[in-house]
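Structure, as structure tokens:
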Amino acid sequence: MALESEGKVYLGNVDVAAKRARDLLLGKIPLDKMVDWATSFSLWPVHLTTSCCSTEFAATFAPRIDGEQFGALPWVGPRQTNLIIIEGTVTKKMACAVRLTWEQMPHPKFAIAMGACALDGGLFYNSYNIVKPWQVLPIDIYIPGCPPRPEGVARAIVELQRKIRSKKIASGWVREGWRPDREPLIPTEDLCGWAVKKV
Ligand code: SF4
Numbered sequence: 220m221a222l223e224s225e226g227k228v229y230l231g232n233v234d235v236a237a238k239r240a241r242d243l244l245l246g247k248i249p250l251d252k253m254v255d256w257a258t259s260f261s262l263w264p265v266h267l268t269t270s271c272c273s274t275e276f277a278a279t280f281a282p283r284i285d286g287e288q289f290g291a292l293p294w295v296g297p298r299q300t301n302l303i304i305i306e307g308t309v310t311k312k313m314a315c316a317v318r319l320t321w322e323q324m325p326h327p328k329f330a331i332a333m334g335a336c337a338l339d340g341g342l343f344y345n346s347y348n349i350v351k352p353w354q355v356l357p358i359d360i361y362i363p364g365c366p367p368r369p370e371g372v373a374r375a376i377v378e379l380q381r382k383i384r385s386k387k388i389a390s391g392w393v394r395e396g397w398r399p400d401r402e403p404l405i406p407t408e409d410l411c412g413w414a415v416k417k418v
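Just so we're aligned, residue 220 is where the sequence shown starts under the working numbering, counting upward by one.
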């Protein structure tokens, strides 16, 4: 059945339409750049609160800073989000919830850790019940302060966008299916084992 005529593709031949679209995109548009650009302006942080820094996270998306202007929109479901912001301390019990949330998020995904507690333990540096965020997730950006101001959170989002574009992280992840610069993390079974054993 002839489905092409005078350069047009008629509805009904999906294969021909898909081939033409693919040729057009790959031939005329730098697809890598487009993926990185689109991802950097579509960062959806998942709603997950670990500690008191979360008030500053909330303020970042209030009218004064209006985090949505940077292309970031907090969302409830992990399966529709691609950014996790660790808000301060992570206890061993909470580490399991953080990891399970991370595992439900689709690739490519990113993580920001905010607050002194997320850097080195902060106030709770010698506490028996905390774990460092970098042991739970691969962290892309750290924000210092106790707590960091909303401007700091906004700055971190902008820095993450720059990092995604300059290092071609999103397009590389889409192409390769993984990210090579990941730190070794504590296995999920161990993280969740703590939640069960240590009460
Ligand atoms: S850095 Fe300060 S505000 Fe943030 S979780 Fe730690 S104690 Fe709370």
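For every residue, glycine included, the Cβ atom is placed at its ideal position computed from N, Cα and C.
Quick one: is Val418 buried, meaning 16 or more other Cβ sit within 10 Å of its Cβ, or exposed?
Caution applies to Val418, whose pLDDT of 42 falls short of 50 and renders its modelled position unreliable; the value that the coordinates give is listed next. Under this definition Val418 is an exposed residue.
When DSSP labels each residue in this structure, what does Leu302 get in the three-state scheme?
In the structure shown, Leu302 sits in a strand (DSSP, three-state: E or B).
Which term fits Val309, buried or exposed, when burial requires 16 or more other beta carbons within 10 angstroms of its beta carbon?
Under a 10 Å Cβ-count criterion, Val309 is classified as buried, with 16 or more other Cβ atoms of the shown protein chains found around its own Cβ.
Can you list, in chain order, the residues of its chain with a C-beta nearer than 6 Å to that of Phe260? Leave out the 5 residues immediately preceding and following it.
So the qualifying residues of the chain are Gly290.
Nearest-angstrom Cα separation, counted from Leu262 out to Phe280
The straight-line gap from Cα to Cα measures roughly 13 Å.
First and last residue of the uninterrupted alpha helix (DSSP H) at Met253
Counting along the chain, the alpha helix (DSSP H) containing Met253 begins and ends at Leu250 to Ser259.
Secondary structure of Met333, DSSP reduced to three states:
Residue state, collapsed to three classes: strand.
Given 8 Å, three or more beta-carbon pairs between the segment 250-259 and the segment 339-353
By the Cβ criterion, the segment 250-259 is not in contact with the segment 339-353, since fewer than three pairs of Cβ atoms, one from each stretch, lie closer than 8 Å.
Buried versus exposed call for Ala335 [16 or more other C-beta atoms within 10 Å across all chains shown]
Ala335 is classed as buried because its beta carbon has at least 16 other beta carbons within 10 Å across all chains shown.
Closer than 7 Å to a non-hydrogen atom of the ligand SF4 - does that hold for the CB of Leu319?
No.
Taking contact to mean 3 or more Cβ pairs, one atom from each stretch, closer than 8 Å, check whether the segment 320-338 and the segment 265-283 are in contact.
With the cut-off at 8 Å, the segment 320-338 and the segment 265-283 touch.
Could you name the residues that DSSP lists as bridge partners for Tyr361?
In the DSSP output, where bridge partners are listed per residue, Tyr361 has Ala332.
contact_flag[the segment 320-330, the segment 354-363] where n(CB pairs < 8 Å) is 3 or more:
Yes, the segment 320-330 touches the segment 354-363.
The alpha helix (DSSP H) that contains Gln380, what's its start and end?
The continuous alpha helix (DSSP H) containing Gln380 extends over residues Pro369 to Ser385.
Buried versus exposed call for Leu420 [16 or more other C-beta atoms within 10 Å across all chains shown]
The structure shown does not extend to residue 420, since the chain is modelled only from 220 through 418, so no value can be given for it.
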